[in-house]
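J.: Start counting the sequence shown at 1; every next residue gets the next number (UniProt numbering).
Note that CB positions come from ideal geometry on N, CA and C, so glycine has one too.
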Amino acid sequence: MPKNTAAAPKDAATKPPAKRGRRSRDDAPTPNRADLIRAVLVMEKRDGPGSLSMRKLASEVGVSPRLLYTMVKNKEELYELAAASMLDRWTLPDTNQSWKERFATIIKKGLELSSEYPELARHGLLNSLDHNYPESASRIVNALRDCMLEAGLSIEETRQIQLLYNTVLLGALDLARNYSGNDQPYLLKELKGALDVAFSRILAGAEPK
Numbered sequence: 001m002p003k004n005t006a007a008a009p010k011d012a013a014t015k016p017p018a019k020r021g022r023r024s025r026d027d028a029p030t031p032n033r034a035d036l037i038r039a040v041l042v043m044e045k046r047d048g049p050g051s052l053s054m055r056k057l058a059s060e061v062g063v064s065p066r067l068l069y070t071m072v073k074n075k076e077e078l079y080e081l082a083a084a085s086m087l088d089r090w091t092l093p094d095t096n097q098s099w100k101e102r103f104a105t106i107i108k109k110g111l112e113l114s115s116e117y118p119e120l121a122r123h124g125l126l127n128s129l130d131h132n133y134p135e136s137a138s139r140i141v142n143a144l145r146d147c148m149l150e151a152g153l154s155i156e157e158t159r160q161i162q163l164l165y166n167t168v169l170l171g172a173l174d175l176a177r178n179y180s181g182n183d184q185p186y187l188l189k190e191l192k193g194a195l196d197v198a199f200s201r202i203l204a205g206a207e208p209k
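#1: Given LEU87, which residues of its chain have a CB within under 6 angstroms of its CB, disregarding the five upstream and five downstream residues?
#2: State the start and end residues of the unbroken alpha helix (DSSP H) segment that holds TYR117.
#3: Tell me the DSSP secondary structure of PRO65 in three-state form.
#4: Candidates THR167, LEU163, GLY110: which alpha carbon is nearest ASN90's?
#5: I believe THR158 touches LEU149 by the beta-carbon criterion, under 8 angstroms. Please report the beta-carbon distance rounded to the nearest angstrom.
#6: Hey, could you find the ends of the alpha helix (DSSP H) ASP174 is sitting in?
#7: For PRO118, which residues from the same chain have a beta carbon less than 7 angstroms from its beta carbon, with the 5 sequence-adjacent residues on both sides left out?
#8: What does the alpha-carbon distance come out to for the pair TRP99 and GLY152?
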């Protein structure tokens, strides 16, 4: 019998395999901003200051880097969004408490957040020097101002102390960026303790006699 000479479909044997990697990531669902912010907070706390890049963030959320730019303009905008989200979670103390109690609670929480999210805190503090406060930060600044006014300080003294606090904390965070490994958490802890003592002493002396 003659052999079946029907040809196989053209190029069937040489058809290239489906592409993987970038194409599969591009086809993945695009994360929303909330997903990105959560990932930034996780990476900042887990990997430390200076660790964030668009490429690393893309890997964290499982998409290609170029897709991130459909959600945010750049890394700076990511920091602004993540810092605002961090501050939104900051619960202020009850106004029925004394100014000392309120002040101590606010300062303690601020130092804790600075230790956990140093790069986000640094970003927010840089903006504060230009009086560029997001709404999430303004309520905290106002709460601290009210404590100091109640303690007997003038408006100008209050402004100067807030500026001093922000500048010293920013300098501490910048210094900590030059340390890595086990040295960085230790240094941040030491600086946190020093700032806590310093500003508690300042306002302890401001109480009306």
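T.: The short version:
#1: SER136, ALA137
#2: Neither: TYR117 is in no alpha helix (DSSP H) and is coded neither H nor E.
#3: In the structure shown, PRO65 sits in a helix (DSSP, three-state: H, G or I).
#4: In the sequence on display, residue 90 carries Trp and not Asn. With distances taken between Cα atoms, TRP90 lies closest to GLY110.
#5: Contact holds; Cβ gap of about 6 angstroms.
#6: Counted as a single uninterrupted DSSP element, the alpha helix (DSSP H) harbouring ASP174 occupies residues 155 to 176.
#7: For PRO118, where only same-chain residues beyond five positions count, the Cβ hits under 7 angstroms are PRO49, LEU173, ALA176, LEU188.
#8: 10 angstroms
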